[in-house]
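Peer 1: Please find one structure pasted underneath; my questions will follow.
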């Protein structure tokens with residue numbers, strides 16, 4: 001990290017190893033480069049879609065697993081296994097699933113008379129396709145939420161049921177408050193991960209070294225990689241990395257300041 005900070009203020013040539021001071025020129029180039037702003041916008045949109053869906057889907061799976069009595073260990077392993085799948089293998093599967101002409105997803109939609117989109121060719125559907133691929137690895141979040149659900153005292157549900165609360169009321173007034181610290185943690189961690197998205201976008205759209213991908217599929221992490229390891233602009237790439245670090249830091253601080261108001265800590269009278 002220290003060396004990358006030094007590089008961000010230098011003109012560094014990877015081929016010769018020569019470097020010279022650049023001052024704030026690399027950071028000034030980021031403001032002037034339209035691809036930096038567009039890639040940041042795409043990354044923010046992706047994060048806004050992926051983080052809530054990831055947590056909501058994981059909470060649904062964790063709730064189902066929490067109700068399983070027999071073979072619960074088997075089902076936990078089954079739901080976690082996709083997390084262990086190599087990214088290249090996952091991308092290969094989703095390239096087939098998301099094919100606009102012969103993909104399994106569009107064929108399934110066709111059974112209901114729905115004309116599926118061109119997931120990987122239509123700019124409007126490129127980010128949703130990456131979100132779908134990211135949901136494949138939701139097992140890690142599911143396991144964390146399952147542990148939180150199993151830690152909720154059963155007496156609270158029994159008392160609520162005695163008072164006439166139904167399942168929905170119990171979920172929003174008992175489950176959500178009791179697992180709110182875990183949800184808070186996952187929102188922060190998943191947001192950090194989403195803002196650094198790279199492998200899903202690269203494997204789906206840049207796998208053949210193609211650099212003429214539509215702007216809708218240009219993400220900040222991919223553009224940083226192109227600057228550093230394809231165009232060998234290590235100074236601007238290092239500046240991009242530190243800009244992303246600063247953005248993530250600011251967003252995390254805001255999340256902590258705002259989110260703490262809605263988190264219930266057991267034994268504390270106030271959130």
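Numbering (full-length UniProt numbering), first residue to last: 1 to 271. Cβ coordinates follow ideal geometry from the N, Cα and C atoms, glycine included.
I'd like to confirm the pairing. Which residues does DSSP put opposite residue 11 in its beta bridges?
Peer 2: Here residue 11 corresponds to residue number 11 of the chain shown, with the count starting at 1. The partner list for residue 11 (beta bridge, DSSP) reads 20.
Peer 1: Just checking my contact of residue 234 with residue 241 at CB under 8 Å: how many whole Å lie between their CB atoms?
Peer 2: Translated into positions along the chain shown, residue 234 becomes position 234. Translated into positions along the chain shown, residue 241 becomes position 241. Going by Cβ atoms, the distance from residue 234 to residue 241 rounds to 10 Å, so no, they are not a contact pair.
Peer 1: According to DSSP, simplified to helix, strand and coil, what is residue 102?
Peer 2: Taking the first residue of the chain shown as 1, we reach residue 102 at position 102. If DSSP states are grouped into helix, strand and coil, residue 102 belongs with coil.
Peer 1: Please state whether DSSP places residue 215 in a helix, a strand or coil.
Peer 2: If you number the chain shown from 1, residue 215 lands on position 215. The answer is helix: DSSP assigns residue 215 an H, G or I state.
Peer 1: Go through its chain and collect everything with a Cβ distance to residue 264's Cβ below 8 Å, but skip five positions before and after it.
Peer 2: Position 264 of the chain shown holds residue 264. Result list for residue 264: 177, 178, 180, 181 and 271, in chain order.
Peer 1: Restricting to runs no shorter than 3 residues, where is the beta strand (DSSP E) found entirely within the region 109-148?
Peer 2: Runs found: none.
Peer 1: Below 6 Å CB to CB, which residues in the same chain sit around residue 168 once its five sequence neighbours on both sides are set aside?
Peer 2: Along the chain shown, one-based indexing puts residue 168 at 168. The answer is none, since no qualifying residue turns up.
Peer 1: Among residues of its own chain, excluding the 5 on either side of residue 238, which ones have a beta-carbon nearer than 6 Å to its beta-carbon?
Peer 2: Locating residue 238 in the chain shown gives position 238, where the first residue counts as 1. Answer for residue 238: 4, 7 and 8, listed in chain order.
Peer 1: Residue 173 by DSSP, collapsed to three states: which one?
Peer 2: For the purposes of this step, residue 173 is taken as residue 173 along the chain shown, with counting starting at 1. Looking at residue 173 - three-state DSSP - the assignment turns out to be helix.
Peer 1: Could you check how far apart the C-beta atoms of residue 12 and residue 194 are, in whole angstroms? I think they sit under 8 Å.
Peer 2: Taking the chain shown and counting its residues from 1, one reaches residue 12 at position 12. Taking the chain shown and counting its residues from 1, one reaches residue 194 at position 194. Their Cβ separation, rounded to whole angstroms, is 29 Å, which puts residue 12 and residue 194 out of contact at 8 Å.
Peer 1: Measuring alpha carbon to alpha carbon, tell me which residue in 261, 247, 51 and 174 is nearest residue 138.
Peer 2: For this step, residue 138 is matched to residue 138 along the chain shown. Residue 138 has its Cα closest to that of 51, out of 261, 247, 51 and 174.
Peer 1: Counting C-beta neighbours from all protein chains within 10 Å, is the total for residue 256 16 or more, i.e. buried, or is it exposed?
Peer 2: Residue numbering aside, residue 256 sits at position 256 when the chain shown is read from its first letter. By the neighbour-count rule (16 or more Cβ atoms within 10 Å), residue 256 is not buried but exposed.
Peer 1: State the Cα-Cα distance for the pair residue 274 and residue 166, rounded to the nearest angstrom.
Peer 2: Past the edges of the chain, shown from 1 to 271, lies residue 274, and the structure says nothing about it.
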